[in-house]
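These notes are about the structure you will find just below.
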Amino acid sequence: MLMLAMATQQLFAQSVIDRFFEKYEDDRSFTLVSVTPKMFSMFSKLDINTGEGQQFMSVVKKLKGLRILAKEDATDGNKLYREAAAFLTRDFEELMTVRDKENDLKFLVKENAKGNISELIMLVGGDKEFVAMSLVGDIDLNEISQIANGMNIQGMDNLKKLKKNDKQ
Amino acid sequence: MKRCIIISSFLLLGAMPALCQQKYLKSFQREYYDKANTFRMGLGFLIKIGGNMIPASAFDNEDGVIIKRMLRKVSSMKLYVISADDSETIDSKDVHRLKQTLIRKSGLEPLLEIRDKGSSVYMLNKGKGDELGNVVMLIKDEKELVMLHFHTSMLMSDIQDLIDRSLTKNEKAAQ
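From first to last, the protein sequence lines are chains R and L. One point on numbering: in our numbering, the residue at position 73 of the first sequence is 73, and numbering is uninterrupted. One point on numbering: in our numbering, the residue at position 66 of the second sequence is 234, and numbering is uninterrupted.
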């Protein structure tokens with residue numbers, strides 16, 4: 001009984017979006033970027049004392065994990081978007097949804113006990129594109145949107161749409 | 169004699185993690201002996217020459233001192249290359265399997281994974297505290313797989329030092 005309870009707890013400890021990532025991470029048609037907590041912990045010991053570098057490092061030091069799953073020229077981008085969105089339970093709060101001619105964009109956040117953002121999920125789905133991003137750590141939306149300019153990663157430019165006032 | 173055996177045993181035990189990782193990389197390369205061109209090279213000797221014998225003044229600028237200091241902290245380095253004629257010979261799934269084996273059986277921890285179409289980069293390490301320790305990099309493009317394994321006593325503070333020097337140099341150049 002105890003074993004069963006522990007196994008159940010373990011299952012629920014895993015984020016729901018993790019299961020979506022696990023489902024597709026071995027699919028070679030997806031582009032995958034994964035930076036582990038250990039890598040972030042190593043980064044956190046570094047300091048860069050220039051303007052942009054300092055800002056970037058102050059954000060990186062608070063992060064614990066980054067995963068991006070993307071598919072270019074995706075004919076099933078909308079289907080993947082709906083599937084990923086369905087994986088998200090009430091643990092995540094919707095922050096922003098943008099719909100234009102080409103894509104649907106959704107930002108979701110999870111709060112920790114202190115009321116800070118502990119996980120940010122970004123989903124982009126359209127006729128030709130799909131991106132799912134999970135960022136884990138102590139997240140300040142204003143800082144994230146500022147450093148998004150310098151990140152040359154598919155989909156990251158969408159983070160610029162986030163503003164501090166979006167979550168208070 | 170007894171002391172000699174004890175010391176040798178301790179040295180061997182110390183080298184075990186590195187040997188363990190090398191075993192899996194070698195064995196993986198062996199799987200491709202009949203299918204692709206393979207190449208293996210120990211770079212430890214070259215590093216020792218670079219770190220100890222070449223004077224810093226032999227380098228063009230002040231980077232020489234930093235390069236020498238970094239090289240001295242690398243105790244061994246081995247390069248494994250598998251080069252195929254077509255893009256299907258080196259299966260991405262095999263490289264993924266190798267990564268999983270290194271994590272499961274050698275105790276390496278993943279640091280970074282980037283995968284795009286036929287190319288992938290995996291970086292793993294096993295080190296105590298701030299030390300980088302044993303580092304394995306698997307870099308695969310469509311027709312080639314490069315596996316780099318090195319052991320270093322380099323700390324994050326050494327990398328910090330490298331960043332600081334590089335920034336100072338850039339500042340000086342900008343003035």
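Even glycine gets a Cβ: it sits at the ideal position worked out from N, Cα and C. Keep in mind that this is a model prediction, so the values were computed, not measured.
{"query": "Put E102 (chain R) into one of helix, strand or coil per three-state DSSP.", "result": "coil"}
{"query": "Assign L120 (chain R) to one of three DSSP states: helix, strand, or coil.", "result": "strand"}
{"query": "Across which residues does DSSP place N112 (chain R) in a beta bridge pair?", "result": "According to DSSP, which records beta bridges pairwise, N112 (chain R) is partnered with nothing at all."}
{"query": "Could you pull out every unbroken beta strand (DSSP E) segment of at least 3 residues lying fully inside the stretch 15-99 of chain R, listed in chain order?", "result": "31-35, 63-72 and 93-99"}
{"query": "Alpha carbon to alpha carbon, how far is R283 (chain L) from I292 (chain L)? Give it in angstroms, no decimals.", "result": "The question names Ile, yet the displayed sequence has Leu at residue 292 (chain L). Distance between the alpha carbons of L292 (chain L) and R283 (chain L) is about 15 Å."}
{"query": "Counting only beta-carbon atoms, is I17 (chain R) nearer than 9 Å to chain L?", "result": "no"}
{"query": "Just verifying my parser: in three-state terms, what is the DSSP assignment at A341 (chain L)?", "result": "helix"}
{"query": "Can you name the residues of chain L whose CB is closer than 9 Å to the CB of D245 (chain R)?", "result": "Because chain R here runs from 1 to 168, residue 245 (chain R) falls outside it and cannot be looked at."}
{"query": "Please list the segments of the beta strand (DSSP E) lying wholly inside the stretch 282-341 of chain L, counting only runs of 3 or more residues, in order along the chain.", "result": "287-294, 299-308 and 312-323"}
{"query": "By the DSSP assignment, the beta strand (DSSP E) with S251 (chain L) in it spans what residues?", "result": "V242 to S251"}
{"query": "Would you decide whether L179 (chain L) is buried or exposed? Buried here means 16 or more other CB atoms lie within 10 Å of its CB.", "result": "Note that L179 (chain L) scores a pLDDT of 46, beneath 50, so its modelled location is shaky and nothing firm can be said."}
{"query": "Tell me which same chain residues have a C-beta within less than 6 Å of the C-beta of R265 (chain L), skipping the five on either side of it?", "result": "none"}
{"query": "Please list, in chain order, the residues of the stretch 273-298 of chain L that have any C-beta partner in chain C closer than 7 Å.", "result": "Chain labels in this structure do not include chain C; the protein chains are R and L."}
{"query": "When the Cα of K267 (chain L) is compared with those of L:D326, L:K308, L:D332 and L:R208, which residue comes out closest?", "result": "L:K308"}
{"query": "For a cutoff of 9 Å on Cβ pairs, would you count K261 (chain L) as touching chain R?", "result": "yes"}
{"query": "For M315 (chain L), collect the residues of the same chain with a Cβ closer than 6 Å to its Cβ; drop the 5 residues on either side in sequence, then sort them by chain order.", "result": "L193, Y248 and L306"}
{"query": "In the DSSP assignment, what are the bridge partners of R198 (chain L)?", "result": "Answer by DSSP bridge pairing: none, since R198 (chain L) is not bridged."}
{"query": "What residue range is occupied by the uninterrupted alpha helix (DSSP H) comprising S260 (chain L)?", "result": "S260 to S274"}
{"query": "D170 (chain R) to S334 (chain L), Cα distance in whole Å?", "result": "Past the edges of chain R, shown from 1 to 168, lies residue 170 (chain R), and the structure says nothing about it."}
{"query": "What three-state label does DSSP hand E143 (chain R) in the structure shown?", "result": "helix"}
{"query": "Please determine, among L:K261, L:K340 and L:Y290, the residue with the shortest C-alpha to C-alpha distance to S29 (chain R).", "result": "L:K261"}
{"query": "Are any of the Cβ atoms in chain L nearer than 9 Å to that of S58 (chain R)?", "result": "no"}
{"query": "Could one say the Cβ of V131 (chain R) lies closer than 9 Å to chain L's Cβ atoms, at least one of them?", "result": "no"}
{"query": "Using C-beta distances below 7 Å, list every residue in its chain close to D73 (chain R), excluding the 5 sequence neighbours before and after it, in chain order.", "result": "K128"}
{"query": "Would you call F213 (chain L) buried or exposed, if buried means 16 or more other Cβ atoms sit within 10 Å of its Cβ?", "result": "exposed"}
{"query": "On a CA-only basis, which of L:K294, L:V304, L:S288 and L:R198 is nearest E310 (chain L)? Give me that one, please.", "result": "L:S288"}
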